[in-house]
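Contents: one structure, followed by commentary.
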């Protein structure tokens, strides 16, 4: 289970994009965009609608290959690798909304999350000699559920869960995979203030356990209170990067948000 | 369309809470009863019905192996051709190279699995409808190759006089596998073991992963499931057992030809799976058994031979329209209906009095 | 050289009726998102309309063809109402149901006309020579009729409100219904036209092919190849692919043999599926 000893924490970024570009036909969704995420931080990626956040996220997590540029993980070029290969390296993402195995029980969702940890040969699966590794996977899946307060719902079908719980479960599935870097796709969208506050606490705890967190989010309030560093995108490119206070008062950011037609979260930013 | 068994069991915590031992004993008893029926069955049938029973047992394996592939959400139209690969390979190995028959079946099945492994590279670049058509094209190409190349495949007439399973001759026991009854028991044994393996695979983490890929392949991928590898795995396993079914068929009937593995036959497999329902392990088996009985006993008995495909077609349409979850859903539906019936008159009788009764 | 030219003329004939069949299949898919596996059987029913009306009952040939067109169109309406409409949310279900329908049509043909190939005496005798290649009037008639029908369809789609509704439904059914397009109405028209085109192809070619109840199989395989190569959902692509496929198939058949031609055709489709699933001429992807 234990990976070879991690290198000592350095200033070198754990996740980095260099000159990242992604085109769809004639449309340039991400345009020569660079950023660096340092290990042990909570790093926010924000921007007005259509700024290219989601595309960036999908490129980092391996759903799209970049048209140009690189994604580096611990200094290694990982651009264009399969999502499953990235997960095996410790880069795990979540999804917007309630993207879950809706037909499974809550526990089985988390068990699938343990896919990488529960290795066993084909024959031992057949003969049932994978029981030890499966019991371990079960225990860890339950731990992951417990972290999000879902342990009592383990046997419920997901479809019975209220929306907020489904969001938590999405995180639990990702956490069960024991990521080094957790990529959160709009984790607070559709949550009430109480749920948002709880989720923020949990994200902080995840960071304190040594997991680097990068998140894309619309909810400015949450981003400002939670993130150590924030990268702001506009028109597919870097606008500003810095600590929340710097970003909050940056005229370019305010203008970008006020200028955007829909400007989700602009109210919070003010 | 299909629904994982796990979800079904998760939905009824009450049943899970019931004493486990009682359930286990009841389950075992049911199996003992089933095997007792299967053991007596051939002796109650006429000779021609015995032959049908052999083919039915083989078809049970064919459709069950097909279901394993559908667990990942992909529907193939090439499964019967893959069965044919097992049949042709085993027949040729025995005829041309003198490989002893049971061994040739095993090698044939491995070749069917190998064919699937090679095909998975182009095929799993496709999904859904494209996979369906792609598997159809791949299957037709293989079938046309059998048809075109007389050496070694025998061309349109196929292969004839395929070696039979050798007789067993020991001092006190002699089994002649030309006899349908004896072949029935041989096939039953092979198919039972195969079904057991398929069942174990589905109930293991591998089965969970297959289901996961079906319902949310991106989420599965994000936690490290290599969906391509698992789709390939499902395809290879399903093809191995289809190949076993093909070997059992070839050495029983003694002849194979390209038409036998055509798209018409594939349609029958689809019909069995869909009419039975693919949500549970037993659904497709139920489908093939019920439809074979209707087909061979009822329709043949009524002298409706020519009209049989029409009735099959009508059953297929009606079941897609009115029984989308297949025959397997009839039991639970019936139970729910009975419960409602029982409750309604009680409720009509009035309030708490009804409930106490 | 003569053989090449003759083969090209033969290919043009094949392209004409294949285009009719494939365009119909694409139209049905475009609106309903369902692959009609019974499309080859619609062709077969069209051919048997001519066997019955023209060869057996001695009605005029053109009248029999027109009757085939309308009758198969009505069969299409029946399919839409009884299967594809209730199964609109379930494209795989629609496909499976159409397989059931295929078996029904096939069996009805066997019950009505027997298993053996039907014979239709050619309504026209004679042939023309084009630079040394021979083209019978019957084949020429099929080519001209197909071109006229496709041109009429093209004009109809360009001019009428239906053409616009068809494109809207093909792109996004929900958005189309928000714009006040009746999904049922559009589906009915598409299904009638799509089926009628297959039927008229069968009716036109009946004197040339000796129809049998099982002829639909090779027709549907051909149609699949064409719509995949042309890019599923693209009517223009279907016509171009029909020409392309007809030439490839006819030439390979002439210089090798029919089975090899079928293998080449399937391999072409397979290659397109692997390399460019949206087809050689189509842009949209629908899954």
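Residue numbers (our numbering), protein chains in the order written: chain A, 1 to 270; chain B, 271 to 627; chain C, 628 to 914.
All C-beta atoms, glycine included, are put in the ideal place defined by N, C-alpha and C.
It should be emphasised that the depicted structure is a prediction, and the values quoted were computed from it without experimental measurement.
Chain A contact for residue i (CB, 9 Å cutoff)
i             : result
residue 335/B : no
residue 470/B : yes
residue 494/B : yes
residue 474/B : yes
Per-residue burial, residue i [other beta carbons within 10 Å of its own, 16 or more giving buried]
i             : result
residue 849/C : buried
residue 416/B : buried
residue 683/C : exposed
residue 334/B : buried
residue 728/C : buried
residue 427/B : exposed
residue 1/A   : Because the pLDDT of residue 1/A is 43, which lies under 50, any placement of that residue in the model is unreliable, and the number read from its coordinates should be weighed accordingly. Exposed.
residue 626/B : Its pLDDT being 39, under 50, residue 626/B is placed unreliably in this model, and the value from its coordinates should be taken loosely. Answer is exposed; the Cβ neighbour count stays below 16.
residue 385/B : buried
residue 632/C : exposed
residue 234/A : buried
residue 605/C : The question about residue 605/C has no answer here: the residues shown for chain C are numbered 628 through 914.
residue 276/B : Confidence is the limiting factor: at residue 276/B the pLDDT is only 43, short of 50, which leaves the residue's position unreliable, though a coordinate-based value still follows. Buried, since its Cβ has 16 or more Cβ neighbours within 10 Å.
residue 675/C : buried
residue 194/A : exposed
residue 329/B : buried
Residues sharing a beta bridge with residue i, DSSP
i             : result
residue 72/A  : 16/A, 77/A
residue 105/A : 157/A
residue 184/A : 215/A
residue 754/C : 763/C
residue 33/A  : 20/A
residue 93/A  : 183/A
residue 242/A : 230/A
residue 439/B : 444/B
residue 38/A  : 13/A
Secondary structure of residue i, DSSP reduced to three states
i             : result
residue 62/A  : coil
residue 763/C : strand
residue 28/A  : strand
residue 233/A : strand
residue 21/A  : strand
residue 716/C : coil
residue 45/A  : strand
residue 343/B : coil
residue 462/B : helix
residue 428/B : coil
residue 861/C : coil
residue 495/B : coil
residue 526/B : strand
residue 337/B : helix
residue 903/C : coil
residue 99/A  : coil
residue 684/C : coil
Residue i at chain B interface by Cβ criterion, 9 Å
i             : result
residue 857/C : no
residue 19/A  : no
residue 99/A  : yes
residue 914/C : Residue confidence is low: residue 914/C scores 32 on pLDDT, short of 50, so the model does not pin down where it sits. Its coordinate-derived value is still stated next. Yes, because at least one Cβ of chain B sits closer than 9 Å to the Cβ of residue 914/C.
residue 166/A : no
residue 77/A  : no
residue 717/C : yes
residue 132/A : no
Within-9 Å CB hit, residue i to chain C
i             : result
residue 357/B : no
residue 410/B : yes
residue 392/B : yes
residue 345/B : yes
residue 420/B : no
residue 620/B : For residue 620/B, the predicted structure reports a pLDDT of 49, less than 50, and the residue's modelled location is therefore unreliable. A value from the coordinates is still provided. Answer no: the Cβ-Cβ gap between residue 620/B and chain C never drops below 9 Å.
* Does the segment 501 to 515 of chain B come within contact of the segment 87 to 107 of chain A, defined as at least 3 CB pairs closer than 8 Å? -> no
* Meets three-Cβ-pair contact criterion under 8 Å: the segment 634 to 650 of chain C and the segment 761 to 776 of chain C -> yes
* Quick one: any contact between the segment 328 to 345 of chain B and the segment 552 to 559 of chain B, if contact means 3 or more CB pairs under 8 Å? -> yes
* Inspect the CB distances between the segment 471 to 488 of chain B and the segment 346 to 361 of chain B and report whether three or more fall short of 8 Å. => no
* Counting Cβ pairs, one atom from each stretch, are 3 or more of them under 8 Å apart for the segment 45 to 61 of chain A and the segment 81 to 93 of chain A? -> yes
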